[in-house]
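Everything on this sheet refers to the single structure shown next.
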Amino acid sequence: MSYHATNPELERVLEAQKRNATITSVIIALLVAALLGVIMAFILIATVTKSTPEIITFQAPSSTNEVVDRPEITNQVERKPSSPSSSMASVIVSNAASPVSVPKVDVDTPEPSLDFGDGDDFGAGWGSGGSGTGAAGGSGATFFEQSVKAEKICFVIDYSQSMTGRRIQLLKEELKKSVENLPESVQYQLIFFAGPAWVAGDRVEMAKDRKSAVVLHQDSELDWKSSGGAHNWDTRGRKMRPQWKPATKDNIQRSLSAIQSTPLVWGTAWEAPIEMALDMNPAPDVVFFMTDGSAGPDSEKIAKRMGHRAKRRGVVVNTIALMEPQVKGAMATLAQETGGAFSLVDQNGKSTVIVKPKEK
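Numbering (full-length UniProt numbering), first residue to last: 1 to 360.
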């Protein structure tokens, strides 16, 4: 059964309610549609939008080492002719010169002369040592397991007549290996010593009475005299100052030739060759000092004196005693004074660290 409204006013009310309900439904439908649209938009944006990371690389400019060629400058010292009675026994010490190329080269004009120190006597007591490492790890050089990081390295090496047999064999093997592996950025020099001292490639003529010698350096003759014994050697004339050599292939090859061909010379004096190294301009960063014997009863005094001087110049001296000389106390003193290392090397080439390098 249904009811029918006949009242016009009631019909108007019902019509208004119907209209309001329709409008409300439309508005709700529009709002729902808008909300769904917004949600879909966010989903699409999140799906489509991707951030691609930007990869940026940096490359440092490649550096090249500048090779500086230095003209050879020599000074000639006129030497008085020796009397016929003092006949000279010729000792050939290799003519290998040592050129050098490095990014930075300090040119030093040599002053032929010799103000070389004294000493006296070959060291005794060769035994066993051990393995050792040197001043600081780095790419500078390694010698008898002592590794250093430096730009200017001077090797001061004993070429006295006590360096025979296994000693000279070990020395040549280690020294050639060290020089061969020098990077091109390093400047270096080789100073050999016995009674007199000389730069690798020079020639030494020892008198038969062993009281004098002449070092033939380029076009100069440098006189050496001994006041007696194997250790009391000194120069006569101006002092020779070695020049730095860059570690070019040619220089390395000449140095290797000098190491191999240099003969042993009589006497053992420490002070002159160490002074020669310290007098280089600029001073070395590191000196490798290797010997198999003492410089006589004054070895300890010489070590302290040279140690103090090296310390003032900021030079580290690493010392190596080949087959345990009795003078290991003086060698340890020299290393300690300068913050360097001291190692004993036995006949098998094994090194033992006695003094560790000072940590910087």
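Backbone N, C-alpha and C define an ideal beta-carbon position, used for all residues, glycine too.
Nothing here was measured: the structure is a model prediction, and the numbers come from that model.
Residues sharing a beta bridge with residue i, DSSP
| i | result |
| --- | --- |
| residue 155 | 190 and 288 |
| residue 342 | 319 and 355 |
| residue 214 | 205 and 223 |
| residue 141 | 148 |
| residue 160 | 265 |
Cβ-Cβ distance between residue i and residue j below 8 angstroms
| i | j | result |
| --- | --- | --- |
| residue 304 | residue 333 | yes |
| residue 166 | residue 347 | yes |
| residue 345 | residue 320 | yes |
| residue 265 | residue 200 | no |
| residue 172 | residue 259 | yes |
| residue 179 | residue 255 | yes |
| residue 282 | residue 177 | no |
| residue 144 | residue 294 | no |
| residue 233 | residue 277 | no |
| residue 280 | residue 246 | no |
| residue 202 | residue 182 | no |
| residue 168 | residue 290 | no |
| residue 331 | residue 292 | no |
Residue burial classification, residue i (beta-carbon count within 10 angstroms, cutoff 16)
| i | result |
| --- | --- |
| residue 134 | Annotation note: pLDDT 37 at residue 134 (below 50); position unreliable, coordinate value reported separately. It is buried - the Cβ of residue 134 has at least 16 other Cβ atoms within 10 Å. |
| residue 45 | exposed |
| residue 175 | buried |
| residue 119 | Residue confidence is low: residue 119 scores 36 on pLDDT, short of 50, so the model does not pin down where it sits. No coordinate-derived value is stated. |
| residue 340 | buried |
| residue 249 | exposed |
| residue 87 | Note that residue 87 scores 41 on pLDDT, short of 50, meaning its location in the model is unreliable and no value can be drawn from it. |
| residue 386 | The requested residue 386 is not part of the displayed model; the chain covers only 1 to 360. |
| residue 24 | exposed |
| residue 38 | exposed |
| residue 31 | exposed |
| residue 164 | exposed |
| residue 342 | buried |
| residue 223 | buried |
| residue 191 | buried |
| residue 271 | buried |
| residue 13 | exposed |
| residue 310 | buried |
| residue 328 | buried |
| residue 186 | buried |
| residue 35 | exposed |
Opening and closing residue of the alpha helix (DSSP H) in which residue i lies
| i | result |
| --- | --- |
| residue 146 | No alpha helix (DSSP H) contains residue 146, which is instead part of the beta strand (DSSP E) from 146-148. |
| residue 203 | Per DSSP, residue 203 belongs to no alpha helix (DSSP H); it is in the beta strand (DSSP E), 203-207. |
| residue 178 | 166-180 |
Unbroken beta strand (DSSP E) run spanning residue i, endpoints
| i | result |
| --- | --- |
| residue 236 | 233-236 |
| residue 220 | 220-226 |
| residue 352 | 351-355 |
| residue 198 | 197-199 |
| residue 247 | From DSSP, residue 247 is part of no beta strand (DSSP E); its letter is neither H nor E. |
Ignoring anything shorter than 3 residues or poking outside the region 258-330, list the beta strand (DSSP E) runs there in chain order. 286-291 and 316-322
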